[in-house]
Amino acid sequence: MATDEEQANINVHYITGFGELASLIASDEDQTTAVYKRFDKLAARDLLYYECELLELEALQNQYDREDALDARKPDNADNLQWRIRTNARDWVSFKHRAAQEAEANDKSDERWKKRMDLAMEVRGSPPAELDAPHASSTV
């Protein structure tokens with residue numbers, strides 16, 4: 002049972018506009034109507050901006066990694082920082098849970114994992130994550 006418009010050979014009559022033009026371009030067998038502006042200069046500039054932004058984010062990630070490496074070598078103290086660093090570096094769910102706890106507590110003096118999660122989301126180009134949303138467990 003074909004429901005796809007092209008497979009079912011259903012003729013759709015579009016009103017004048019983007020839909021009609023897209024239909025015309027898609028129906029052109031020799032693809033001579035598929036002419037688009039490439040925006041080479043603009044696309045190149047956008048990539049350069051994105052690359053510079055990623056360089057800044059990478060520098061911050063490297064700083065966080067150095068802090069974690071140094072703190073992971075320290076003897077464990079009462080708050081089990083060494084254990085938390087190792088766990089959160091290997092287990093996404095633990096990392097996400099701890100970041101959510103810190104975000105909920107709204108304690109500016111203890112935002113280690115929240116800052117790292119915010120950075121991870123910024124690298125993705127995502128808004129700060131819904132940290133309590135259920136996801137499959139991912140452990141490295």
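Position 102 of the sequence shown, counting from 1, maps to 103 under the numbering used here, and the rest follow consecutively. Here a beta-carbon is modelled for each residue, glycine too, at the ideal position from N, C-alpha and C.
- If only uninterrupted beta strand (DSSP E) runs of at least 3 residues are considered, none is enclosed by the segment 56-89.
- Of all alpha-carbon atoms in Y50, V36 and A35, the one lying nearest the alpha-carbon of K42 is that of Y50.
- In this structure A106 is exposed. Its beta-carbon is surrounded by fewer than 16 other beta-carbon atoms within 10 angstroms.
- Around A100, the same chain offers W114, K115, M118 and L132 as residues with beta carbons nearer than 6 Å, after the five sequence neighbours per side are excluded.
- For K116, the enclosing alpha helix (DSSP H) stretches over residues R113 to R125.
- The Cβ-Cβ distance between Q62 and D72 does not fall below 8 Å.
- E103 sits buried, since 16 or more C-beta atoms from the chains shown fall within 10 Å of its C-beta.
- D108 sits in coil when the DSSP states are folded into three classes, being neither helix nor strand.
- Its Cα nearest to that of Y65, the residue A121 stands out among A121, D108, D31 and D77.
- The distance from the Cβ of L58 to that of E112 is about 17 Å, inconsistent with a contact at the 8 Å cut-off.
- When secondary structure is reduced to three states using DSSP, D92 falls in the strand class.
- DSSP, read as helix, strand or coil, puts Q102 in helix.
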